[in-house]
Every structure is written in structure tokens, then in C-alpha cells.
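This report concerns only the one structure given below.
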């Protein structure tokens with residue numbers, strides 16, 4: 022029942038609608054008490070009010086409004102100076118370690134990534150700098166003998182409350198650093214968890230025809246078709262560019278051809294019968310012959326690429342942080358495979374730079390063969406050790 026007078030949803034205690042999110046006719050949304058609702062920016066408003074109160078208190082204690090304004094300006098400019106020094110340190114780190122891998126040796130990507138300031142902080146800096154220049158032209162630097170310890174404490178508190186709201190840490194570099202934190206709550210880690218639990222954990226263990234796992238399905242395929250899989254694994258391709266081709270048989274990869282798929286895996290997931298069918302490809306090597314592999318691109322990267330192609334501020338942010346997101350996707354997925362040793366022998370991740378300096382695709386067949394050779398050498402070393 023909708024209450025038109027109160028513009029709210031009135032429900033009985035036993036009504037199941039009490040536990041469902043509803044969009045009301047007045048444009049508002051009804052959230053049950055047990056479901057979290059969208060956060061509001063109340064804390065930011067409170068911080069601004071506290072900052073103003075601190076500045077007013079400092080002016081009252083001082084009894085000199087102009088001196089208080091000048092002192093506040095010194096504090097704000099000091100805050101920007103500390104931030105600038107911090108960013109210069111980050112610039113040196115990014116330049117010496119990540120300039121090639123993350124910025125493609127391009128200063129046009131590096132400098133905005135480090136020194137971006139939002140409009141509100143830029144306006145505040147310009148106002149503070151202008152005020153400083155005006156006071157300096159009148160009487161030089163501030164007279165520090167006029168400072169009162171309580172006044173100074175109030176100004177510092179006010180500047181701290183203000184700092185939280187002016188976006189000094191909104192530059193892309195700080196977003197990159199937050200993504201790099203090992204809390205697995207970032208976009209890339211979320212994609213990795215969804216991919217592992219929503220896909221790999223379904224297709225790798227025993228399931229499907231004759232209740233076989235992936236390696237057994239590959240062995241059955243190999244015996245039935247009289248072909249050789251040098252490494253019976255699923256190769257998950259993680260291209261740095263997030264460009265996932267419809268098929269590995271592509272004009273860019275002339276040495277890769279389609280082959281018949283593995284037997285289908287049918288699993289009931291969340292009430293739906295889902296069919297999974299892994300692709301098999303034939304790699305033709307002029308020197309070593311023909312090899313068969315079970316390989317595919319990591320589909321979350323395709324979704325990420327599609328999302329970045331849409332308009333919107335979040336799409337721009339994703340584009341800026343693409344390399345960080347893909348890296349976290351790879352690291353988290355690799356960690357999940359290590360934490361589940363029963364799946365480790367079923368899957369091999371290939372994280373690679375798929376584009377050369379001219380923007381052309383690298384030969385995927387050579388990348389796959391290189392990974393296969395590496396795994397075969399590793400297997401031989403383990404056999405000798407045993």
C-alpha cells in the first residue's frame with residue numbers, strides 16, 4: 022500500500038515486500054532495514070562546518086580577522102607544499118620503475134597521472150596564493166610572534182577538516198596505489214573472484230560427460246581424435262590490452278586453426294542449466310609439427326574492455342586504471358589457484374603484452390608454444406627430482 026500523503030511505502034508486518042527494494046512513485050527508493058542503502062555525503066558537509074567553526078574560533082581568539090585569514094592561508098599553502106613534495110617523490114618512483122611498463126615512455130601520460138588536481142582544490146590553491154601575495158606585498162611575511170597556541174591548534178584542525186573535502190588524493194596515481202593494496206576489494210580482484218568461482222571452479226573439477234575433470238576430457242579427446250596435447254591444461258590468456266578476439270583463429274594469428282571442441286559440461290548454477298564447452302585449437306609449427314591446445318581469453322577482460330568503451334566518468338577512470346586492474350586480476354587469480362592446489366594442475370595463466378610498439382598483435386602461437394615449452398621443462402625437472 023502506498024501512502025500518498027507521506028510519500029512512503031506502508032507495509033504490513035507479514036508482507037514479503039518489506040524485504041524487497043522498491044522504487045516509489047515520487048522518485049525515491051524504499052530500502053528494507055536489513056538492506057544497506059546508498060551512502061550520503063553527510064560526513065563531508067559536517068567536516069566543512071567544523072572547518073568553518075575552527076576558523077571562526079581562531080579569529081575570535083586572535084581578535085584580528087586579517088591576521089587569522091593570513092595564518093589560514095599559510096596553513097593551506099603548507100598543505101599544498103607537502104602534497105607537492107609527496108607527488109614529486111611518487112613521480113621519481115613511477116619514472117624510474119614504471120615509466121615504460123605503465124606509461125609507454127610517454128610524459129603526456131605520466132605527468133597528468135601524478136599532478137592532476139580536481140577543480141575545487143585548484144580554486145582553493147589559487148585563492149590562497151593570491152591572498153598570500155596581497156599580504157606579502159603589504160608587510161612581507163607573517164609575524165609569528167602574534168600566534169597563540171590555541172589559535173594555531175584551531176587553524177590546524179580546520180585545515181585538516183578542509184583537506185578531507187578538497188580532493189588532494191583524487192589524482193589517478195592515488196587510485197592506482199589503492200588498487201595495489203592487497204585487500205582484494207578492488208575491481209580487478211572482484212573480476213578474478215567472479216571468474217574463478219563462477220567459471221573455473223565449475224569447469225575444472227569432475228563434472229560433465231562421464232563425470233570427468235578437464236584433464237580427463239582432454240585425454241578422451243586426444244584418444245578419440247588421435248591428436249597430441251603437449252600439456253593437457255586450460256590456457257587462460259590475459260592480454261594487457263584487454264582485447265579478446267572472438268576466436269584464436271584470427272587473421273592476426275595465421276598459425277592457429279580451429280579444431281573440434283571438448284565434450285560439453287552441463288551444470289545447474291543458480292537454478293539454470295548452463296552449458297560449458299571449451300575450445301581446442303591447432304597450432305602449426307613449421308619446425309616442430311602440429312600441437313593441440315585448450316585455450317581461451319579471460320572473458321572478464323572482454324567485459325572490462327566493453328565497459329571502458331561506454332561514455333561516463335567511471336569509464337574514463339577504468340581506462341586510466343586499466344593496467345592496474347588487469348595486473349590485480351592476474352595476481353588475484355593466480356593466488357586463488359595457489360590456494361586451491363586441486364585446480365593448479367588444470368589451468369595455466371598467460372599474462373602477456375599482446376601489442377608491439379607499432380600497435381600490431383604479437384604472434385599468439387609463439388606465446389603459447391613458449392609457455393608450453395616452459396611447462397614441459399618444469400614437468401621434466403619435477404620427474405627427475407622424484
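Residue numbers (this note's numbering): 22 to 407.
Glycine residues also receive a C-beta, built at the ideal position from the N, C-alpha and C atoms.
Two segments are said to touch when three or more pairs of C-beta atoms, one from each, lie closer than 8 Å; by this definition the region 195-213 touches the region 353-362. Excluding residues up to 5 positions away in sequence, 82 lie with their Cβ nearer than 7 Å to the Cβ of residue 171 in the same chain.
Here the region 304-311 does not lie against the region 171-186, with fewer than 3 beta-carbon pairs under 8 Å apart. Inter-segment contact for the region 75-93 and the region 128-148 is absent: fewer than three beta-carbon pairs are separated by less than 8 Å. Listed in chain order, the alpha helix (DSSP H) runs fully inside the region 112-154 are 120-124 and 128-136, counting runs of at least 4 residues. Excluding residues up to 5 positions away in sequence, 258 and 265 lie with their Cβ nearer than 6 Å to the Cβ of residue 318 in the same chain. Annotation for residue 324: the continuous alpha helix (DSSP H) segment containing it runs 320-329. Non-local C-beta neighbours of residue 345 in its own chain, meaning closer than 6 Å and more than five positions away in sequence, comprise 197 and 200, ordered along the chain. In terms of Cβ geometry, residue 75 and residue 147 do not form a close pair [threshold 8 Å]. Residue 340 and residue 329 have their alpha carbons spaced roughly 6 Å apart. The Cβ neighbour count for residue 260, taken over all protein chains shown within 10 Å, is at least 16; the residue is labelled buried. Considering only 271, 274 and 250, the residue with the shortest C-alpha distance to residue 301 is 250.
Ranked by Cα distance from residue 366, the first of 256, 166 and 106 is 256.
Residue 68 is positioned such that its CB atom lies closer than 8 Å to that of residue 185. Looking from the CA of residue 87, the closest CA among 112, 156, 104 and 124 belongs to 156. Under DSSP, residue 188 forms no beta bridge with any residue. Taking C-beta atoms as the reference points, residue 114 and residue 131 fail to come closer than 8 Å. If you look at residue 288, you'll find it in the beta strand (DSSP E) that goes 286-290.
Residue range 63-83 is occupied by the alpha helix (DSSP H) that includes residue 75. Counting of Cβ neighbours within 10 angstroms places residue 127 among the exposed residues, the total staying below 16. Residue 248 is a Cβ neighbour of residue 313, given a cutoff of 8 Å.
By the neighbour-count criterion, in which 16 or more other beta carbons inside 10 Å mark a residue as buried, residue 298 falls on the exposed side.
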